[in-house]
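**Q** Here you go, one structure.
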Amino acid sequence: MNPRPRVERGDLLEWVERVATYLAADGMPPIAGRILGWLMICDPAEQSAAEIADAIGASRASLTTNLRVLAAMGFVSRRTRSGSRTAYYRVDEDAWEKVVRRQVASLSSLGEIVDAGLDLVGRGSARAGRIRAAHEIFLWMTRAFENAPPLPSGKRWSERTE
Numbered sequence: 002m003n004p005r006p007r008v009e010r011g012d013l014l015e016w017v018e019r020v021a022t023y024l025a026a027d028g029m030p031p032i033a034g035r036i037l038g039w040l041m042i043c044d045p046a047e048q049s050a051a052e053i054a055d056a057i058g059a060s061r062a063s064l065t066t067n068l069r070v071l072a073a074m075g076f077v078s079r080r081t082r083s084g085s086r087t088a089y090y091r092v093d094e095d096a097w098e099k100v101v102r103r104q105v106a107s108l109s110s111l112g113e114i115v116d117a118g119l120d121l122v123g124r125g126s127a128r129a130g131r132i133r134a135a136h137e138i139f140l141w142m143t144r145a146f147e148n149a150p151p152l153p154s155g156k157r158w159s160e161r162t163e
């Protein structure tokens, strides 16, 4: 077993900011990205809203709103402990698999809509050109996912890499 390296708080927060910046490019609010980044790397894995707010420098109001967003997206779950009113948050073990599956299903649905658009305007018509370009990408994506290996479950993957 490898000893845990000593990690400076500034290095952790820099990594959290990298996660937030990446996710913001896809439309996630920066605070939600910081929360997710923090919950991915913090120790202990479960943190109260106050601990998260203190760590990333967010207001409690903004934190509450963004924790709801992350919970609705399937990234974060909320737990309470016996005898305490404090709620603790953590990244679900299967969060990434759920999110990827949902994104693939969503893209597949958009592919079906694109296909219906080709039928609507005529597959060979000049006005179908833009739709055809999207259709080709969705066909490629469908083939790629059909031939992809199965997604690993969180537990099995974690056990193999530790």
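Residue numbers for the sequence shown follow our numbering, beginning at 2 and rising by one.
Ideal Cβ placement from N, Cα and C applies to all residues, glycine included.
Source: prediction; values computed, not measured.
#1: If you drop the 5 nearest sequence neighbours on each side, which residues of the same chain put their C-beta closer than 7 Å to that of Ala-135?
#2: Verify whether the separation of the beta carbon atoms of Ala-164 and Thr-65 is less than 8 Å.
#3: Taking the alpha-carbon of Leu-152 as reference, which of Glu-137, Val-122, Lys-99 and Ala-26 has the nearest alpha-carbon?
#4: Name the DSSP bridge partner or partners of Ala-88?
#5: Classify Ile-138: buried if its beta carbon has 16 or more other beta carbons within 10 angstroms, exposed otherwise.
#6: Pick out the complete alpha helix (DSSP H) segments inside the region 41 to 128, 4 residues or longer, and give them in chain order.
#7: My assumption, with CB atoms under 8 Å, is that Arg-79 sits in contact with Tyr-90. Please give the rounded CB distance.
#8: Should Leu-37 go down as buried or exposed, given a rule of 16 or more other Cβ atoms within 10 Å for buried?
#9: Would you report the Cα separation of Gly-11 and Arg-86, rounded to the nearest angstrom?
#10: Look at the Cβ atom of Ile-42, then the Cβ atom of Leu-13, and state whether they are nearer than 8 Å.
#11: Taking the C-alpha atoms as reference points, what is the distance between Val-8 and Arg-19?
#12: What are the start and end residues of the alpha helix (DSSP H) that includes Leu-24?
#13: Measuring straight from C-alpha to C-alpha, what distance separates Asp-120 and Arg-35?
**A** On the basis of the coordinates in this document:
#1: Val-115
#2: Past the boundaries of the shown model lies residue 164; the chain is included only from 2 to 163, so the question cannot be answered.
#3: Lys-99
#4: Thr-81
#5: exposed
#6: 50 to 57, 61 to 74 and 96 to 122
#7: 6 Å
#8: buried
#9: 31 Å
#10: yes
#11: 16 Å
#12: 10 to 25
#13: 43 Å
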